[in-house]
Amino acid sequence: MAATSTPGTTDAPRLTPDRAAVADRVIAAMAGPDARLREDQTTAVAALSEPASRVLVVQATGWGKSAVYWAATAVRRSEGFGPTLVVSPLLSLMRDQVAAAGRAGLRAATLNSSNIDEWSAVEEAIGSGALDVLLVSPERLANPGFGRRVLDRLAGNLGLLVVDEAHAVSDWGHDFRPDYRRVSDVLQRLNPQTPVLATTATANARVTDDVARQLGDTTLVLRGPLARASLELSVVDRLSPLERYAWVVDHLPRLPGSGIVYALTVADAQRLAAAVREVHGADYPVEAYTGQLEAGQRESLEDALRDNRLKALIATSALGMGYDKPDLGFVVHVGAPPSPVSYYQQVGRAGRAIEHAHAVLLPSDADAGVWDYFATATIPKPEQVSRVLEVVPTGEAVSVAAVEAQSGVRRGRVELMLKQLAVDGVVDRVEGGWTATGVPWEYDAEHYDGIVAVRRREADIMRAYTHGSRCLMQLLQESLDDPTAEPCGRCSVCRGELPEALAGAADPATVAAVTGLLRGQVHVVEPRKMWPGGAFGSRGRIAPQEMPENGRALVYADAPEWRETVAAIFARDAAAPEEVKDACVRLLSQWRTSWTARPEVVVDLAAAGFPTLTRDVADHLAGIGRLERASLPDTGGGPADLRELSSAEEAALWRDRLSAAQDGSAPEVGAAVGGRSALLVVDASSSLWPVTVASAVLRRAGAAAVLPLLLHRRP
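Heads up: the sequence shown begins at 10 in this note's numbering, then just goes up one per residue.
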């Protein structure tokens with residue numbers, strides 16, 4: 010059973026004078042000549058200075074958890090022990106930690122995907138003892154080559170193991186990452202005398218108990234109050250998706266200092282950044298920050314915000330754990346995260362070294378769909394697990410791509426599933442892929458039902474938060490089982506009003522400007538270039554003579570400028586509203602400058618099962634452009650549920666559904682498109698396989714070119 014220590018009691022670990030002197034030198038180097046460890050930090054460092062100790066620190070962001078492991082590292086190194094291994098989740102966090110270690114007088118380096126050229130030198134420094142600290146991601150722990158070259162060398166010589174953001178070790182947590190469970194493997198390979206520290210700001214009682222159990226029965230848990238006096242929490246409710254964008258555009262200049270605006274998707278981050286620049290000017294200092302950026306671009310943007318050269322980064326959750334800017338003045342969320350714990354973590358970036366910072370939530374009714382997805386997204390489905398295990402051999406390696414092709418499970422699900430199965434010891438990652446261990450797998454229904462129930466309770470807390478049912482800080486503290494939770498007196502609920510900087514609705518002129526900008530943006534649909542193999546059969550590059558041109562999407566993902574319209578037109582199959590048909594005409598007018606050839610015939614395909622909608626748009630465009638009309642023969646008998654099909658299975662489905670045109674038994678298609686450029690109108694797709702297969706069918710039927718127009722490119 011884990012123990013919880015109260016600093017100041019007689020049983021709390023204490024530093025010897027020599028160790029205290031080393032720790033004080035580190036803290037002075039980091040925070041100034043008069044800085045000293047606080048009593049609770051001293052307790053943690055003292056415990057970690059002893060062999061075989063296990064410590065779990067659950068403290069608010071800004072408490073100084075990193076100071077604990079740098080001081081403990083210095084103490085251990087001063088006594089002749091080996092380097093510290095820090096397991097850290099994000100590149101931005103690793104960069105900050107390397108810099109912080111340097112300020113503490115420690116030599117630190119990292120091995121990650123952005124510095125592959127440095128790996129050999131870093132590994133040599135590890136072997137020679139020149140490094141005090143090595144930082145790696147949990148995914149690196151799962152790499153067999155890393156294990157052979159680095160972990161085996163360090164296992165008996167580590168001075169300290171640190172697991173940062175340790176809530177990710179627990180599948181009860183808001184941000185479970187299966188690769189984090191590799192920490193358990195490291196623990197088993199360690200010299201049992203190596204001290205271990207786990208730290209997090211976002212663990213409720215259940216997660217705390219789970220992580221402590223994984224560390225060991227003697228784990229010392231140091232938990233403190235999680236309220237943040239510097240944060241002023243506010244909810245700005247009852248805004249439409251477009252009004253939320255316009256609110257950010259209008260209020261951003263009023264917010265203090267610089268900060269982060271979080272969006273739920275990459276597309277939202279990019280569109281919102283464009284909207285801000287549209288209204289305030291192209292040189293207004295905001296940038297979009299997403300996981301799609303190269304590592305160097307992300308680093309440059311992080312530095313620009315840290316140096317206050319940007320007013321804001323408009324970011325996805327890719328800018329989250331560990332980003333360190335102590336004077337961050339605000340965090341705004343356009344859409345609510347699915348968990349109050351993850352929300353607490355993200356707003357905790359603000360106000361760490363200043364007296365006042367804003368944390369603002371702009372919720373939407375659409376957020377509930379994100380919450381529902383989150384509740385079950387990482388839960389394995391027994392039938393899919395069985396299909397995966399059937400194609401993972403014992404004693405030889407198989408790639409993820411091969412597992413996808415042979416099992417019929419989508420690649421993203423395959424990757425997650427294999428990591429989860431590795432946690433249970435059912436499969437193992439080896440050089441060249443994955444192999445089965447022979448350990449049987451059983452679905453633990455009670456465990457996973459419990460996780461789903463916890464996540465749905467968290468969604469209920471977020472619902473209460475967005476409705477302002479009671480003190481916002483108290484709700485967040487209670488979600489983390491903080492016994493000190495009480496009304497804060499500062500939030501918009503406690504005060505009964507919004508702060509002056511947040512007051513006021515979005516200007517209607519701003520709403521109109523944002524709408525016009527977003528509806529005028531061009532969303533290019535690039536064609537797929539490879540056939541998937543597997544159930545589809547054919548694998549390899551799609552022949553140029555079978556590929557479409559670059560297409561266009563009218564609505565991209567969860568575009569706020571179209572959200573209400575999309576909900577209406579895909580609620581039932583009916584004729585398209587005039588605004589959709591008019592927008593398609595404008596899109597074609599903009600598109601024509603890049604056509605290889607003007608369309609001569611319009612072909613419709615109801616890939617998502619909305620033939621009336623698709624046919625109406627195609628008829629309208631044909632009439633406006635004086636083009637001929639044709640339809641692809643579809644023998645599918647209605648839309649299929651494509652959500653659980655692999656790429657190969659979905660491509661095969663469309664090949665079979667369009668078989669009449671595929672095998673030439675529908676000669677009217679060839680007559681309509683032969684030698685002509687065809688505009689292919691498709692209602693909706695996320696995978697693009699219906700567009701890809703239909704384009705190949707039309708090209709084989711003689712079409713000189715195919716220009717796909719997708720009404721909704723689904724996320």
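Even glycine gets a Cβ: it sits at the ideal position worked out from N, Cα and C. These numbers come from a predicted model, not from an experiment.
Given this structure, state the Cα-to-Cα distance separating residue i from residue j, to the nearest angstrom.
i    : j    : result
P586 : A577 : 9 Å
G344 : L370 : 7 Å
R307 : Y332 : 11 Å
A518 : R666 : 48 Å
K538 : I551 : 5 Å
P250 : L115 : 48 Å
V520 : G529 : 14 Å
N124 : P98  : 16 Å
A139 : V178 : 30 Å
E392 : R162 : 40 Å
T385 : P26  : 52 Å
S488 : A468 : 11 Å
R419 : V533 : 24 Å
V611 : D246 : 44 Å
L614 : A631 : 15 Å
A117 : L527 : 45 Å
S656 : G618 : 19 Å
G505 : L248 : 18 Å
G761 : W443 : Here the chain comprises residues numbered 10 to 724, so residue 761 is not present and cannot be evaluated.
Q68  : A32  : 20 Å
A410 : T93  : 36 Å
Beta carbon of residue i, beta carbon of residue j: below 9 Å?
i    : j    : result
A544 : G421 : no
L322 : A297 : yes
V700 : G560 : yes
G168 : T82  : yes
V96  : V172 : yes
E132 : V159 : yes
V216 : H176 : yes
L654 : A703 : no
T299 : V275 : yes
A445 : W256 : no
S694 : R664 : no
P553 : Y457 : no
P541 : E558 : no
M39  : W79  : yes
R149 : L120 : yes
V84  : L57  : yes
D643 : A584 : no
E637 : W698 : no
Might you give, ordered along the chain, the residues of its own chain that have their beta carbon closer than 7 Å to the beta carbon of residue i, omitting 5 neighbours on each side?
i    : result
V502 : G477, R479, C480, L481
L224 : R63, L65, V205, A207
R315 : K334
W600 : R561
P717 : V534, P557, G560, L689, V691, V700, S704
V165 : The residue asked about is misnamed: residue 165 is Gly in this sequence, not Val. Hits under 7 Å: N200.
Just to confirm my understanding: we take residue i, look at its own chain, exclude 5 residues before and 5 after, and list those with CB closer than 6 Å. What are they?
i    : result
P496 : C480, Q483, C503
T18  : Reliability of the predicted coordinates at T18 is poor, the pLDDT of 44 falling under 50, and no value is obtained from them.
A712 : V682, A687
A454 : none
A113 : V35, A38, M39, W79
In chain order, what residues of the same chain lie with their CB nearer than 8 Å to the CB of residue i, ignoring the 5 residues before and after it?
i    : result
M7   : The structure shown does not extend to residue 7, since the chain spans only 10 to 724, so no value can be given for it.
V394 : M426, L430, W450, Y452
Is it buried or exposed, residue i, if we count other Cβ atoms within 10 angstroms and call 16 or more buried?
i    : result
Y189 : buried
N213 : buried
H367 : buried
Q202 : exposed
S243 : buried
S408 : exposed
S75  : buried
V594 : exposed
V423 : buried
L720 : buried
R361 : buried
T605 : exposed
A282 : buried
R157 : exposed
Do we get a CB-CB distance below 9 Å when we pair residue i with the residues of chain B?
i    : result
L484 : Annotation note: the requested chain B is absent from the structure, which comprises a single protein chain.
Does the segment 678 to 690 come close enough to the segment 439 to 448 to have 3 or more Cβ pairs within less than 8 Å? no
Evaluate contact between the segment 263 to 282 and the segment 225 to 242, counting only Cβ atoms and requiring at least three cross-stretch pairs below 8 Å. no
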